[in-house]
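Asks:
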Amino acid sequence: MRGFRHFLLAATLLSASSGAMAADLLSTRKGPPPMMMPPVMTWTGFYVGGQVGYSSGVDTTKEFLTATMGYVGLKNRFDPDGFVGGAHVGANYQFGAFVAGIEGDIEFGKVKGGFTDPPVAPFNPGGRGQTEIDTQGSLRLRLGYAVGPALFYATGGLAVADIKSTYWNWPGTSESFSKTATGYTIGGGIEYAFTQSLSARVEYRFTQFERIQNDSQQAFPGFSGTQEPRYHTGRAGVSYRF
40 MRGFRHFLLA
50 ATLLSASSGA
60 MAADLLSTRK
70 GPPPMMMPPV
80 MTWTGFYVGG
90 QVGYSSGVDT
100 TKEFLTATMG
110 YVGLKNRFDP
120 DGFVGGAHVG
130 ANYQFGAFVA
140 GIEGDIEFGK
150 VKGGFTDPPV
160 APFNPGGRGQ
170 TEIDTQGSLR
180 LRLGYAVGPA
190 LFYATGGLAV
200 ADIKSTYWNW
210 PGTSESFSKT
220 ATGYTIGGGI
230 EYAFTQSLSA
240 RVEYRFTQFE
250 RIQNDSQQAF
260 PGFSGTQEPR
270 YHTGRAGVSY
280 RF
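The sequence shown begins at 40 in our numbering and counts up by one.
#1: For G125, list the residues DSSP reports as bridge partners.
#2: So does the region 173-190 actually touch the region 126-141, counting three or more Cβ pairs closer than 8 Å?
#3: Can you tell me where the beta strand (DSSP E) with G276 in it begins and where it stops?
#4: Are the region 113-125 and the region 145-152 in contact at 8 Å, needing three or more beta carbon pairs?
#5: In this structure, does DSSP put W207 in helix, strand or coil?
#6: Tell me the DSSP secondary structure of F103 in three-state form.
#7: To the nearest angstrom, how far is the alpha carbon of Y243 from that of S255?
#8: Out of curiosity, what's the CA-to-CA distance linking T272 and I251?
#9: Check each candidate in Y223, K114, A200, N253 and name the one with the smallest Cα separation from T105.
#10: Starting from the N-terminal side, write out each stretch of the beta strand (DSSP E) that is 3 residues or longer and does not extend beyond the region 157-202.
#11: Rank G92, G96, M80 by C-alpha distance to the C-alpha of E171 and give the top, closest one.
#12: Assign F262 to one of three DSSP states: helix, strand, or coil.
#13: Helix, strand or coil, according to DSSP, for D118 in the structure here?
#14: Note down, one range per segment and in chain order, each beta strand (DSSP E) of at least 3 residues found wholly within the region 228-260.
#15: So, at 6 Å on beta carbons, what are the nonlocal neighbours of G264 in its own chain, with the 5 sequence-adjacent residues on each side left out?
#16: Identify which residue in A198, T205, Q175, T221 has its Cα closest to the Cα of E214.
#17: Could you tell me which of Y86, A139, T81, R167 sits nearest to K114, measuring between CA atoms?
#18: Going by C-alpha to C-alpha distance, which of T219, G228, T107, G165 sits closest to P268?
#19: Taking the C-alpha atoms as reference points, what is the distance between R179 and G196?
#20: Would you call Q175 buried or exposed, if buried means 16 or more other Cβ atoms sit within 10 Å of its Cβ?
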């Protein structure tokens, strides 16, 4: 009987010891590493970038007597065109699938074209003219809809350009004018995010500038010419988002 009690006591001690060892083993065993969730794509943030493009326009000139602004019958339509390139900066805020933002850009290039004036007796000996835009910019709002990494957007706002016009009469006298013209620009595009920071875009915009007037003092004294420049421009660019 005494031997049986000794056996029960030994079994109890062994069981308790085994449980403690198992608990120690379980407590020191490392669990699986936490799952790393991929970052959620968002268009929210500030960004900078660059763009290049090609611009093709339509410009219409009319000539008037400066004193009376009487139309003398000279009207020319010509098509300035050329390449542009520059930089942009902006900020977006995404709410749900919608993205709203503001963007400004500046561009340089040689968008130019010319026309020939036939003589109109006794007013005008005839000559030729040329218009050139070498600097332009815009400040626009953007509103888009995100589908995965792609953003489909519309944009529009204020456009500004330095427009240089030069006229030559047939004897060879020339005269140049430089005006800062304002107008509006509107269009849309698609932007694709390769990473959270890097994206590329293609964009189309139509730009209409205000009518500008040049009063000649040398090439065609007594005459004034008006212009109504408007342009279609396609652009491609890249942006880096912070």
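Glycine included, every Cβ here is placed at the ideal spot set by N, Cα and C. All of these numbers come straight from a predicted model, not from anything done at the bench.
Replies: The short version:
#1: Residue 125 sits at position 86 when you count from the first residue of the sequence shown. Bridge partners of G125: Q90, E146.
#2: They touch, by the three-pair rule.
#3: As a working note, residue 276 is residue 237 in the sequence shown. Per DSSP, G276 is one residue of the beta strand (DSSP E) stretching across 269-280.
#4: Remark: three or more beta-carbon pairs, one from each stretch, lie closer than 8 Å, so the region 113-125 and the region 145-152 are flagged as touching.
#5: For the purposes of this step, residue 207 is taken as the residue at position 168 of the sequence shown. W207 falls in the strand class under three-state DSSP.
#6: If you number the sequence shown from 1, residue 103 lands on position 64. Strand.
#7: Indexing the sequence shown from 1 puts residue 243 at position 204. Indexing the sequence shown from 1 puts residue 255 at position 216. So the two alpha carbons sit approximately 36 Å from each other.
#8: Within the sequence shown, numbered from 1, the residue matching residue 272 stands at position 233. Within the sequence shown, numbered from 1, the residue matching residue 251 stands at position 212. If you take the alpha carbons of T272 and I251, they lie about 21 Å apart.
#9: Working through the sequence shown from its first residue, we reach residue 105 at position 66. Minimum Cα distance to T105 is reached at N253.
#10: Within the region 157-202, the complete beta strand (DSSP E) runs of at least 3 residues are 166-186.
#11: Indexing the sequence shown from 1 puts residue 171 at position 132. Checking every option, the nearest Cα to that of E171 belongs to G96.
#12: Within the sequence shown, the letter at position 223 stands for residue 262. Strand at F262.
#13: Stepping through the sequence shown from its first residue, residue 118 is reached at position 79. In the three-state scheme derived from DSSP, where H, G and I count as helix and E and B as strand, D118 is classed as coil.
#14: The DSSP assignment places complete beta strand (DSSP E) segments of no fewer than 3 residues inside the region 228-260 at 237-248, 251-254, in order along the chain.
#15: Position 225 of the sequence shown, counted from the start, is the residue given in the question as residue 264. Within the same chain, T100, E102, N253 come within 6 Å of G264 by CB-CB distance, once the 5 residues on both sides are set aside.
#16: As a working mapping, residue 214 is identified with position 175 in the sequence shown. Checking every option, the nearest Cα to that of E214 belongs to T205.
#17: By 1-based counting over the sequence shown, the position of residue 114 is 75. The candidate whose alpha carbon is nearest that of K114 is R167.
#18: Along the sequence shown, one-based indexing puts residue 268 at 229. The candidate whose alpha carbon is nearest that of P268 is T219.
#19: In the sequence shown, counting from the first residue as 1, residue 179 sits at position 140. In the sequence shown, counting from the first residue as 1, residue 196 sits at position 157. The straight-line gap from Cα to Cα measures roughly 4 Å.
#20: As a working note, residue 175 is residue 136 in the sequence shown. By the beta-carbon neighbour count (other beta carbons within 10 angstroms, threshold 16), Q175 is buried.
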